[in-house]
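S.K.:
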Amino acid sequence: MTQDASATQSLEVVFADGSTTELTVFPSGGPSDPVVLCLPAMGVRAGYYELLADVLAEAGFNAVLADLRGTGGSSVRAGRRVSFGYAELLELELPAITDAVCRRFGVDQVIVLGHSLGGQLGLLFAATSTRVSQVVLVASGSAWYRKAGARSVGRFLGLQLLFATTVLWGYLPAWFPFAGREARGVVRDWGVESMTGRYRVRRSTVDYEKALAQSAVPAMFVAFPGDKYVPAPAMRHLADKLRTAPVTWLEIPPSDLGLTTTHHFRWVFRPQAIVRAAAQFVRTARTTDDPGDR
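Using the working numbering, read the sequence shown as starting at -11 and increasing by one per residue.
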């Protein structure tokens, strides 16, 4: 059973540069229920995760879907003359989005549930913000080609083609068989991590590697065995950056998702196992978390 579409609400956020985005809110019906902010994978519209938000709401979470800059409800579109990178996502948009969501529900913090790139961004933001209580990363890990196992060589070569295409067009065009239309700044920041295994965000003064090492925000990594996009070593590499934060690791087989084989994206169509795991993680984290340690 899914939530009646008429129960969803829209929430506009205006950023400091005048751009806007439209969030979709799925209220649970419980005013004191925790709030989950869902961040999508690169090039994926937030609307793709509507069923996930439905199931979260039914499980007692107020769920909010947010597009990444340049996609869906964002007023910005990447182009040869329009670029942006992780700095805009992490230091312009996510602070304003979380502030708006917290005001909407009268809370001080949100839980971030991010898929793929959305999980990386959620973890980086949590390490530099007081607005995030826990992070759930689904099929999310480092893009470093050296952690791709047997596919390392192929990934390295594919990255060179992706970078060259972005340079030639001035942005990553939608026809390229990876993600969607994307700004060259995002490709550049993602590309640095994919080539070095480290976050170096252009036009930012924040040392995100240091921030991750010092973060105390509990994080749960949800892995899918055999995920060709984010294999286990890639997830471990990202998790290992958290030196002090409590880390939970969970592997969910495709049969628990109603699938015959692992798929990086199709878990969204049957997200119940993910939501159950997230709910258990949030309850445990909230029980053991001591605000005096934060």
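Even glycine gets a Cβ: it sits at the ideal position worked out from N, Cα and C.
On the premise that LEU53 lies in contact with CYS26, defined as a C-beta separation below 8 Å, what is that separation, rounded to the nearest angstrom?
M.R.: The pair is a contact, with the Cβ atoms about 5 Å apart (cut-off 8 Å).
S.K.: Less than 7 Å separating the beta-carbons of GLY110 and PHE151?
M.R.: No, the pair does not count as a contact, with Cβ atoms beyond the cut-off.
S.K.: Taking THR249 as the reference, give the member of ALA273, ALA267, PRO234 and GLY214 with the closest Cα.
M.R.: Among ALA273, ALA267, PRO234 and GLY214, the Cα nearest to that of THR249 belongs to GLY214.
S.K.: With distances taken from CA atoms, which of ASP177, ARG172, MET183 and GLN122 is nearest LEU145?
M.R.: When each option's Cα is compared against that of LEU145, the closest is MET183.
S.K.: Is the beta carbon of GLN108 closer than 7 Å to that of SER128?
M.R.: Cβ distance < 7 Å, so SER128 and GLN108 count as in contact.
S.K.: What do you reckon, are the CB atoms on ALA273 and PRO206 nearer than 7 Å?
M.R.: Going by C-beta atoms, ALA273 is nearer than 7 Å to PRO206.
S.K.: Whose CA, out of ALA167, LEU160 and PHE164, lies closest to the CA of GLY173?
M.R.: Answer by Cα proximity: LEU160.
S.K.: Let's see if you can read the secondary structure: which residues bound the beta strand (DSSP E) around ALA54?
M.R.: Here ALA54 belongs to no beta strand (DSSP E), and DSSP marks it neither H nor E.
S.K.: Taking buried to mean at least 16 other C-beta atoms within 10 Å of its own C-beta, is ALA(-5) buried or exposed?
M.R.: By the neighbour-count rule (16 or more Cβ atoms within 10 Å), ALA(-5) is not buried but exposed.
S.K.: Quick one: Cα of GLY67 to Cα of MET30, how far?
M.R.: For GLY67 and MET30, the distance between alpha carbons rounds to 16 Å.
S.K.: Distance, Cα to Cα, VAL155 vs VAL64?
M.R.: Those two C-alpha atoms are separated by around 20 Å.
S.K.: What span of residues does the beta strand (DSSP E) with SER295 cover, start to end?
M.R.: What is shown of the chain runs -11 to 282, which leaves residue 295 out entirely.
S.K.: Sorted by chain position, which residues of the same chain lie with C-beta nearer than 6 Å to ALA47's C-beta, five sequence neighbours on each side aside?
M.R.: So the list reads VAL263 and ALA267, once near-sequence residues are dropped.
S.K.: If I follow the unbroken beta strand (DSSP E) through PHE14, where does it start and stop?
M.R.: 8 to 14 is the span of the beta strand (DSSP E), which, as asked, contains PHE14.
S.K.: Which partner residues of MET208 appear in the DSSP bridge assignment?
M.R.: MET208 pairs with VAL124 and THR236.
S.K.: I need the straight-line Cα distance from ALA201 to VAL194, nearest angstrom please.
M.R.: Cα-Cα distance, rounded: 13 Å.
S.K.: Can you give me the start and stop residues for the alpha helix (DSSP H) that HIS225 sits inside?
M.R.: Where HIS225 is concerned, the enclosing alpha helix (DSSP H) stretches over 220 to 227.
S.K.: How big is the Cα-Cα spacing for GLY61 and ARG33?
M.R.: Going from the Cα of GLY61 to the Cα of ARG33 covers about 8 Å.
S.K.: Would you give the residue range spanned by the beta strand (DSSP E) that GLY214 belongs to?
M.R.: Premise fails: GLY214 is in no beta strand (DSSP E) and is neither H nor E.
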